[in-house]
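Chains A and B are the protein sequences, given in the same order.
What the first sequence shows, in our numbering, is residues 1472 to 1964, in sequence order.
What the second sequence shows, in our numbering, is residues 1472 to 1964, in sequence order.
2 protein chains.
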Amino acid sequence: MAKELDFLTKRSVDYSKWYNELVVKADLAEQSDVRGCMVIKPYGYAIWEKMQRILDDMFKATGVQNAYFPLLIPKSFLSKEAEHVEGFAKECAVVTHYRLKTNETHDGVVVDPSAKLEEELIIRPTSETIIWNTYKNWIHSYRDLPLLCNQWCNVMRWEMRTRLFLRTSEFLWQEGHTAHATREEAEERAQQMLKVYANFAEKYMAVPVVQGVKSETERFAGALDTYTIEAMMQDGKALQSGTSHFLGQNFGKAFDVQFLNKENKPEYAWATSWGVSTRLMGALIMTHSDDNGLVLPPALAPIQVVIIPIGGKPEQMEAVNAAVAPIVEQLQQMGISVKYDNADNKRPGFKFADYELKGVPVRLVLGARDLENGTIEVMRRDTLEKESRQIEGIAEYVKQLLDEIQENIFQKAVKFRDEHIYECDNYEDFKERVKDGGFFLCHWDGTAETEAKIKEDTQATIRCVPFNVEQTPGVDMVSGKPAKCRVLIARSY
Amino acid sequence: MAKELDFLTKRSVDYSKWYNELVVKADLAEQSDVRGCMVIKPYGYAIWEKMQRILDDMFKATGVQNAYFPLLIPKSFLSKEAEHVEGFAKECAVVTHYRLKTNETHDGVVVDPSAKLEEELIIRPTSETIIWNTYKNWIHSYRDLPLLCNQWCNVMRWEMRTRLFLRTSEFLWQEGHTAHATREEAEERAQQMLKVYANFAEKYMAVPVVQGVKSETERFAGALDTYTIEAMMQDGKALQSGTSHFLGQNFGKAFDVQFLNKENKPEYAWATSWGVSTRLMGALIMTHSDDNGLVLPPALAPIQVVIIPIGGKPEQMEAVNAAVAPIVEQLQQMGISVKYDNADNKRPGFKFADYELKGVPVRLVLGARDLENGTIEVMRRDTLEKESRQIEGIAEYVKQLLDEIQENIFQKAVKFRDEHIYECDNYEDFKERVKDGGFFLCHWDGTAETEAKIKEDTQATIRCVPFNVEQTPGVDMVSGKPAKCRVLIARSY
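Structure below.
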């Protein structure tokens, strides 16, 4: 079987190539003929749908409602918040016309020059501006607050260098936008949503994350604080997996969203926004998968269990089919998604490799000889361990095994992450070691200058000031000045 | 209470105005500041989400998988299918540039003229072209077929005159795109999906529909046959609520999607596409609602039951709260979504009017006097009938009542529809009567000329050749020529 999987580049040979090949070969996504835009294939989309459903329920449990705002944003809206325009009104898709017409040779279409828009429209790179322009009409009194909206949608940022799921010009995401009567409530909401993201990443994706707050340089354009979850990939690089922003009154002021407080005095509303995107797919893939293909956490696997018969004579196949039917039924009754693949136009060996590539957590194999013995072969994708079990009670065993796999891949990722977090206070040492990846906890003087120097020297950036690190006094490893805090530094995607 | 509802224009006074006001006042949607694009507000979106979830399950039960294809389509793709380009490459949003830059006065942004795209990109008005361009790489053998993909997404058609939900420049929809090895299989799939739409409309939306096939003039651009479901609104106008297209090999040929059949010979793939959109919201609203506001079918109501206490002294309110708690719990356990509105900053009369406006199917009211008698007031939104019931067993009663309301509003709509379908073979008569709305079953000679004349004279169009009408011989009411079939003619949205 190893032979059949030779086509996937090994991680140790070229991690980046391994990732690119895996995404395509496991049928998750592919490049489209539109520059920088991907096609998410059914198998990849099925994982994303599972993520969406779970996150959506988690959002709603905190009182959030879904809504939908326009795809297109008038150009002038982008300029209303001074910092926001710097960050977002740059690499954008611009709609300038609203009509095509048949060309002179009648074999194609051209843009109709008479259908030029008075004001250009931008495909949303994020929706703070259009949403706060709408909130202006929804918010009048403290009774209208808090306003907690989310939308699941597509957004577009014109990226020069794209990679499937990690950085694409168009991507799918959710963006939550909340409005509050007080600063405290908005800050709490921003942190609450970060915790939702962290819980989701750890509990469902089995991806451990470091929670923290961004440095000023790395903040969202227009935010007073950006909170982040940072995950470590198997090459030691960081992947920013979700962010939640406390926006202060910046958008309230820019779009004149005022409300009458309990004392009947006008105040500007306080804002948060928070989002995760199809980038999470990249985090999922790169955290767990191996040289045989995807390793999916059972909680997000579209197919949790695959059952493959080992063919024999037709009457043997009938007996196998008959033995498998009750197992399928029992698993389905337990809410487990199971596929019985008895297609006869593919050899078992091909099926084995294919479901390994697709990351199906548990494989059951049943042949004529197993039937005689009342046994069934169980393979778990995370460790590739095989064992023979009694058919009797196999459904309960599989259910328990799925939980065990979920926990195991999480613990494995935690262990890897923890083994690659280093305290480091020597810059020469840092510069050498950061090349091999890992998260570095370093003292920082809090200036943008040292931050820029680190980035220039090493390509590494301050990922965050982590919440869970005890802050002790020290000196900045670059400037030698007294440190403001210990920060997490890493190269990143 | 009637007084408090005066703000909604009566249907009999101005049906169109009633609709526009209702959509906004019931918090379903509103116009945005982007021409022709709407904001779907949380209450409206909650209904759309319920529709999506149910339809998605119905699609998946027929083997369909979800996927996602790019928002932007290269201009040249639109010209590849000759008829398609005529129908769709017209009123489109055109992306010509990919960058903005700060203006000279540093107080705004302008389009960067150096960032002009070599080929313009069109925001998808529908995705046949980009999807079949992708299918080319997915389909090689008959073993790859059928390919059954759907996507939930936004699309854009630059509309000059827009109305919330009914016709907006951007709208949300699903578009299914299937590829098949044979003509028969594709035709069956197109009809199968129409039946899914019809079942959904009748069973969940409680909207009766006429199923049929479009005339050539009214076909989707690029289709060999367009199947449709047509619903009748309360003003007697038709609303096309969903369409399913048999596309033949048009897109297979245009994008060179060939597969090797079982005899190892190349053939072009056969196609279907089918979609429903946020337009369904318009059908839902206009079929059932009345002068007091929305009437929602229980199957799609975000809040199925609202419970309102009649306040008294604080100790009485406590007793009411205590009596309501087990009712809420029982209803929730039955899977019924219930809201207990004991907010003390609004009077009961205001709440009554508001939940009527929002179409909540069942209202329960409990006051101190009820408590003494062990009774509770039940109001059903569809008939506005009130009755006093024992609290004991109220949850079971409400559950049954919700089913009854669902059935009642459907039957009411069926009755209305059937009373306004007329056989008509006299054109003078037709021209007079069609002004008042209704569906007219008329003999038609099958020519585009008479079709055009009817439209010009009366604004009415051939909605479809209905499936369930016995076709008898006759003469065309306009031309006097022998009829090809009896068709359904109506004015429409």
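Cβ coordinates follow ideal geometry from the N, Cα and C atoms, glycine included.
This structure is a prediction, so every number in the text was calculated from the model and none was measured.
{"query": "Taking C-beta pairs closer than 8 Å, name the residues in chain A that residue 1598 of chain B reaches, listed in chain order.", "result": "What residue 1598 of chain B touches in chain A: nothing, since even the nearest Cβ is about 11 Å away."}
{"query": "With a threshold of 8 Å between beta carbons, is residue 1645 of chain B in contact with chain A?", "result": "no"}
{"query": "Relative to the C-alpha of residue 1781 of chain A, which residue among A/1771, A/1795, A/1774, A/1867 is closest?", "result": "A/1795"}
{"query": "Strictly below 9 Å CB to CB, what residues from chain A border residue 1629 of chain B?", "result": "1569, 1570, 1586"}
{"query": "What does residue 1520 of chain A touch in chain B if you count any residue whose Cβ is under 8 Å from its own?", "result": "1537"}
{"query": "Give a yes or no on contact between the stretch 1540 to 1556 of chain A and the stretch 1771 to 1788 of chain A, applying the rule of three or more CB pairs nearer than 8 Å.", "result": "no"}
{"query": "How far does the alpha helix (DSSP H) with residue 1887 of chain B in it extend, from its first residue to its last?", "result": "1865 to 1890"}
{"query": "Taking residue 1606 of chain A as the reference, which of A/1594, A/1595, A/1620 has the closest Cα?", "result": "A/1620"}
{"query": "For a contact defined as C-beta to C-beta under 7 Å, what are the partners of residue 1560 of chain A on chain B?", "result": "1571, 1580"}
{"query": "Work out the CA separation of residue 1708 of chain A and residue 1489 of chain A for me, nearest whole Å.", "result": "15 Å"}
{"query": "Please report how far the alpha carbon of residue 1577 of chain A lies from the alpha carbon of residue 1506 of chain A, in whole angstroms.", "result": "27 Å"}
{"query": "Can you list the residues of chain A that residue 1614 of chain B reaches, using a CB-CB cut of under 8 Å?", "result": "1816"}
{"query": "From A/1584, A/1626, A/1611, A/1614, pick the residue whose C-alpha is nearest to that of residue 1599 of chain A; which is it?", "result": "A/1626"}
{"query": "Would residue 1908 of chain A pass as a contact of residue 1962 of chain A if the rule is Cβ separation under 8 Å?", "result": "yes"}
{"query": "Could you pull out every unbroken alpha helix (DSSP H) segment of at least 4 residues lying fully inside the stretch 1705 to 1781 of chain A, listed in chain order?", "result": "1721 to 1725, 1750 to 1759"}
{"query": "At a cut-off of 7 Å, is residue 1833 of chain B close to the ligand MG when judged by its beta-carbon and the heavy atoms of the ligand?", "result": "As for the ligand MG, it is missing from this structure, which has no ligand bound."}
{"query": "So, helix, strand or coil for residue 1545 of chain A, using DSSP?", "result": "strand"}
{"query": "Please confirm if the stretch 1686 to 1704 of chain B is in contact with the stretch 1713 to 1730 of chain B, defined as three or more CB-CB distances below 8 Å between the two stretches.", "result": "yes"}
{"query": "Would you tell me roughly how many angstroms separate the C-alpha atoms of residue 1761 of chain A and residue 1602 of chain B, rounded to the nearest one?", "result": "31 Å"}
{"query": "Under 8 Å, Cβ to Cβ, is there at least one residue of chain B near residue 1913 of chain A?", "result": "no"}
{"query": "Just reading off the alpha helix (DSSP H) that residue 1786 of chain A is part of, what are its end residues?", "result": "1785 to 1804"}
{"query": "Just by C-beta distance, which residues in the stretch 1880 to 1906 of chain A are closer than 8 Å to chain B?", "result": "none"}
{"query": "Run through chain A and tell me which residues come within less than 7 Å of residue 1605 of chain B, C-beta to C-beta.", "result": "1503, 1510"}
{"query": "What does residue 1824 of chain A touch in chain B if you count any residue whose Cβ is under 9 Å from its own?", "result": "Those within 9 Å of residue 1824 of chain A in chain B number zero; the least Cβ separation is about 18 Å."}
{"query": "Could you pull out every residue in the same chain whose Cβ sits closer than 7 Å to the Cβ of residue 1589 of chain B, ignoring the five residues on either side in sequence?", "result": "none"}
{"query": "Where DSSP assigns a beta bridge to residue 1838 of chain B, which residues make up the other side?", "result": "B/1781"}
{"query": "May I have a chain-ordered list of the beta strand (DSSP E) segments no shorter than 3 residues that lie completely inside the stretch 1510 to 1575 of chain B?", "result": "1543 to 1545, 1565 to 1568, 1571 to 1573"}
{"query": "Rounded to a whole number of angstroms, what is the C-alpha to C-alpha distance between residue 1564 of chain A and residue 1654 of chain A?", "result": "34 Å"}
{"query": "Can you tell me whether DSSP reads residue 1851 of chain A as helix, strand or coil?", "result": "strand"}
{"query": "What span of residues does the beta strand (DSSP E) with residue 1647 of chain A cover, start to end?", "result": "1641 to 1651"}
{"query": "Tell me where the alpha helix (DSSP H) around residue 1578 of chain A begins and ends.", "result": "Premise fails: residue 1578 of chain A is in no alpha helix (DSSP H) and is neither H nor E."}
{"query": "Please tell me whether residue 1494 of chain B has its Cβ less than 8 Å away from any Cβ of chain A.", "result": "no"}
{"query": "Using only the alpha-carbon positions, how far apart do residue 1580 of chain B and residue 1561 of chain A sit?", "result": "9 Å"}
{"query": "Along the stretch 1531 to 1555 of chain A, where does the CB come closer than 9 Å to a CB of chain B? Name the residues.", "result": "1536, 1537, 1538, 1539, 1540, 1541, 1542, 1543, 1544, 1545, 1546, 1547, 1548, 1549, 1550"}
{"query": "Residue 1956 of chain A CB to nearest chain B CB: under 8 Å?", "result": "no"}
{"query": "Taking 8 Å as the threshold (beta carbon to beta carbon), is residue 1564 of chain B in contact with chain A?", "result": "yes"}
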